[in-house]
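There are 2 protein chains.
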Amino acid sequence: MAEVRHREAVAVARRLLEAEGEDALSMRRIAAELGIRAPSLYKHLDGKADLELALIIEALEEIGDVLASAAPDLGAMARAYRRYALEHPHLYVLVTQRPLPRERLPEGLEQGAARPLVEAIGDEHRARAAWAAAHGMAILELNGRFPPGADLDAAWAALVAAFGDR
Amino acid sequence: MAEVRHREAVAVARRLLEAEGEDALSMRRIAAELGIRAPSLYKHLDGKADLELALIIEALEEIGDVLASAAPDLGAMARAYRRYALEHPHLYVLVTQRPLPRERLPEGLEQGAARPLVEAIGDEHRARAAWAAAHGMAILELNGRFPPGADLDAAWAALVAAFGDR
DNA sequence: GTCTATAGTGGGATAGAC
DNA sequence: GTCTATCCCACTATAGAC
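Going down the list, the sequences are from chains A and B.
With numbering that gives the first Met the number 0 applied, the first sequence covers 0 to 165.
With numbering that gives the first Met the number 0 applied, the second sequence covers 0 to 165.
Here it is, written out as structure tokens:
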């Protein structure tokens, strides 16, 4: 099992995803970039899910870092979270908008990404609600679900105010 | 253009989606349920997106009704919203987890679904944040994104408290 | 004119030859 | 390790039955 090919495939996948979006993330495209045929990829990967898992792990680590760097100020953390989502829209969607393959994730990764927010908020349940709120704002913005003229800076500020004033 | 076939196809699509999930929502499956071949469906519909649009419209109307019935109590509205999402998980995902085909939606439908919350909250920006928060909680729960043992009743209560105490 | 079947594109995935 | 060939999926184009 050529470990190198696996890493190469993940790197190509991330580049394609971020540059051209989800539709470009096809086994045929990735294989072509590596100079081989699509079926050959399956000798190095279990399947497309394997590739996506690697991208999910990368992104969760990055999100945890981004939040930790902005902690413990809730406003700064919200801005950092929003910025990450807007700067990596296709990756953010890939990572958040589906069930987590928990059993295949490195030990502690999920908790590590969440820790800065839990510590900044204090209460566990309140922290979950705050994460859900931030994710809701981010994903609805990415999916263009707010009305065209909506002032999203104001909505984010209202969110921070709701969770920060206590 | 047989309008009847269109309605039949939408009804079959909703039944399949709710009963068996997104994967069952294939043109082949729907056509088979109607006793015709998949390509023939395209004479009655523009494509799969046409079918999904009809389901999106149905769901947005239902969500607006559900919120209006629970208004103006924020706790009741949150519980009603969550209940709708949990009772129609595949439909909720289909409707919310992608860009809205706004230009093809009936006039006022989107605003109508949002109105109960805007009126209950008062402030437009705060209402958007509250909707995003509720959507975040609902979609993360549906996608199994909270840790296994998480007390989501408590998280929803924390969310309502954050937006209600004012 | 309304219906249908056939064939072809491009996606994920697999089996088996070399 | 890579290949060809094959299968199922959504979708499109087109020709033809009636």
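For glycine and all other residues, C-beta sits at the position ideal for the given N, C-alpha and C.
As the structure is a prediction and not an experimental result, all values here were calculated from the model.
- Not a single C-beta of chain B is nearer than 7 angstroms to the C-beta of M76(A).
- A Cβ of chain A is located within less than 7 angstroms of the beta carbon of L158(B).
- With respect to chain B, the C-beta atom of L139(A) has a partner C-beta closer than 7 angstroms.
- Close to chain A, meaning a Cβ-Cβ distance shorter than 9 angstroms, are the following residues of the region 94 to 125 of chain B: T95, Q96, R97, P98, L99, R101, E109, Q110, A113, D122, E123, H124 and R125.
- Taking the Cα of E109(B) as reference, the smallest distance to any Cα among W130(B), E19(B) and E7(B) is reached at W130(B).
- A distance below 8 angstroms between beta-carbons, with the five flanking residues on each side excluded, links P100(A) to the following residues of its chain, in chain order: A48, L52 and I55.
- Within the same chain, and ignoring the five residues on either side of V11(A) in sequence, the residues whose Cβ sits closer than 7 angstroms to its Cβ are I29, E32 and L33.
- Residues of the region 77 to 88 of chain A with a Cβ closer than 7 angstroms to any Cβ of chain B: none.
- With respect to chain A, the C-beta atom of A8(B) has no partner C-beta closer than 7 angstroms.
- A58(B) has a beta carbon lying at 7 angstroms or more from every beta carbon in chain A.
- Within chain B, the C-beta atoms nearer than 9 angstroms to that of G135(A) come from A128, W130, A131, A132, A133, H134, G135, M136, A137, I138 and L139, in chain order.
- Chain order gives no chain B residues near R4(A), where near means a beta carbon separation below 7 angstroms; the closest approach is about 30 angstroms.
- Its chain contains L59, I62 and G63 as the residues whose beta carbon lies nearer than 6 angstroms to that of A112(A), once the 5 sequence neighbours on both sides are disregarded; these appear in chain order.
- Within chain B, the residues E123, H124 and R127 have their CB atoms less than 9 angstroms from the CB of D150(A), given in chain order.
- A154(B) sits away from A77(A), with the two beta carbons spaced by 7 angstroms or more.
- With respect to chain A, the C-beta atom of G143(B) has a partner C-beta closer than 7 angstroms.
- Residue burial annotation: G20(B) is exposed, with fewer than 16 other C-beta atoms found within 10 angstroms of its C-beta.
- For the set V65(A), L15(A), A133(A) and P88(A), the Cα lying nearest the Cα of L50(A) is the one of L15(A).
- In this structure, the CA atom of L85(B) is about 42 angstroms from the CA atom of R36(A).
- Distance from the CA of A79(A) to the CA of P71(A), rounded to the nearest whole angstrom, comes to 12 angstroms.
- Put simply, the CB of A161(B) is near chain A, with a gap under 7 angstroms to one of its CB atoms.
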